[in-house]
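With our numbering applied, the sequence shown corresponds to residues 32 to 329, in that order.
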Amino acid sequence: MRRWTAAGAAALIGVVLVQPAAAQTTSLAGVIDFHVHSGPDSRPRSVGDLEIARIAKRAGMRGLVLKNHFTMTADRAWLAMQEVPGLEIFGGVALNHSVGGLNAEVVRQMVAFSGGRGKVVWLPTFDAEFWMTRAGDPGAFVPVMRGGEMDPALGEIFDLVAEHDLVLAMGHSSPEEVLALIPEARARGVEQILVTHGLGQSPTPDQLRAMADHDVVIELVWLAVMNGQFSYADYADAIREYGARHFLLASDLGQAGNPLHPDGLNALMDGLRGEGISDADIDVMIRDNPARLLGLDP
Ligand SMILES: [Zn+2]
Numbered sequence: 032m033r034r035w036t037a038a039g040a041a042a043l044i045g046v047v048l049v050q051p052a053a054a055q056t057t058s059l060a061g062v063i064d065f066h067v068h069s070g071p072d073s074r075p076r077s078v079g080d081l082e083i084a085r086i087a088k089r090a091g092m093r094g095l096v097l098k099n100h101f102t103m104t105a106d107r108a109w110l111a112m113q114e115v116p117g118l119e120i121f122g123g124v125a126l127n128h129s130v131g132g133l134n135a136e137v138v139r140q141m142v143a144f145s146g147g148r149g150k151v152v153w154l155p156t157f158d159a160e161f162w163m164t165r166a167g168d169p170g171a172f173v174p175v176m177r178g179g180e181m182d183p184a185l186g187e188i189f190d191l192v193a194e195h196d197l198v199l200a201m202g203h204s205s206p207e208e209v210l211a212l213i214p215e216a217r218a219r220g221v222e223q224i225l226v227t228h229g230l231g232q233s234p235t236p237d238q239l240r241a242m243a244d245h246d247v248v249i250e251l252v253w254l255a256v257m258n259g260q261f262s263y264a265d266y267a268d269a270i271r272e273y274g275a276r277h278f279l280l281a282s283d284l285g286q287a288g289n290p291l292h293p294d295g296l297n298a299l300m301d302g303l304r305g306e307g308i309s310d311a312d313i314d315v316m317i318r319d320n321p322a323r324l325l326g327l328d329p
């Protein structure tokens with residue numbers, strides 16, 4: 032954030048920057064961005080899959096997880112890896128209406144796709160009940176709970192996640208739903224659980240503590256700092272309170288007009304360092320935890 036502000040101010044007063052701001056940043060070696068939006072997509076994106084893969088490789092990153100709200104990305108991840116060798120690229124599927132909602136068959140097909148890059152199942156995001164209700168969207172949502180009980184369709188999906196060692200990401204479910212679904216998923220053998228931009232759904236401190244006690248990983252994204260929803264201090268407070276091992280740092284970038292993913296990740300690391308978060312803790316959140324979730328060596 033600070034970097035963009037400084038660069039913007041410099042541009043405004045006509046100062047010629049000797050070096051682009053990105054060149055001053057620390058290494059992204061070993062970094063995996065777990066929340067990458069890129070095109071093709073049905074909404075405007077800043078880069079395509081191949082372009083962001085090339086950019087990430089040039090930045091020295093280890094890997095990317097391609098996230099699309101409307102279509103499966105395991106195939107695109109594999110294709111991108113053919114073009115940009117040396118980068119670990121994974122895909123997944125978000126269980127919104129466009130793939131049939133809580134549709135086990137889309138997960139079954141994803142893991143059967145050649146290349147084996149399908150690794151993440153996101154519960155509904157834009158079509159989540161909580162998200163749509165909070166936004167005042169009157170459209171039909173994809174519920175994950177019905178009358179206080181897990182939607183039965185999730186049972187088969189959780190079984191597939193467990194069987195294929197996938198990551199269950201909670202999408203835009205409410206904190207209450209997340210806490211109700213974690214034990215259901217665990218009972219079916221799901222090991223890797225990620226609470227998608229976990230502060231964005233406004234959990235209470237008790238709910239965050241309960242998530243940490245369930246040993247899940249809570250995602251913190253730079254986009255929410257860029258948007259002003261959270262400050263680095265908010266993130267740093269949460270990291271200190273619950274422990275770095277319960278968090279993952281990702282960009283959530285790719286929106287047309289926004290900075291590119293490596294720049295967001297660098298800004299996020301710099302911002303947290305500025306709040307006193309140690310390099311060791313940053314390593315855990317941006318290198319080790321994403322690798323562990325994806326079944327890679329930390
Ligand atoms: Zn996103």
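No residue lacks a Cβ here, since even glycine has one placed at the ideal position from N, Cα and C.
The Cβ neighbour count for E160, taken over all protein chains shown within 10 Å, is at least 16; the residue is labelled buried.
Under the three-state reduction of DSSP output, D64 falls in the strand class. Within the DSSP secondary-structure output, M257 pairs in no beta bridge. DSSP, read as helix, strand or coil, puts K88 in helix. About 6 Å separates the CB atoms of V209 and V226; that is less than 8 Å, so the two are in contact.
For ligand 1, no non-hydrogen atom lies closer than 8 Å to the CB of H292.
The three-state secondary structure of A171, taken from DSSP, is coil. The way I'd put it, the region 164-173 doesn't touch the region 189-200; fewer than three beta-carbon pairs between them come closer than 8 Å. Shortest gap from the CB of D158 to any heavy atom of ligand 1: 8 Å or more. CA-CA distance, I308 to K150, rounds to 29 Å. Residue pairing by DSSP places A281 opposite V252 in a beta bridge. By the neighbour-count criterion, in which a residue is buried when 16 or more other Cβ atoms sit within 10 angstroms of its Cβ, Q113 is exposed. Looking at W109, L118, I249, L212, the one whose alpha-carbon comes closest to that of L280 is I249.
By the C-beta density criterion, N297 is buried, having at least 16 other C-beta atoms within 10 angstroms.
DSSP places Q232 in the coil class of the three-state scheme, outside both helix and strand.
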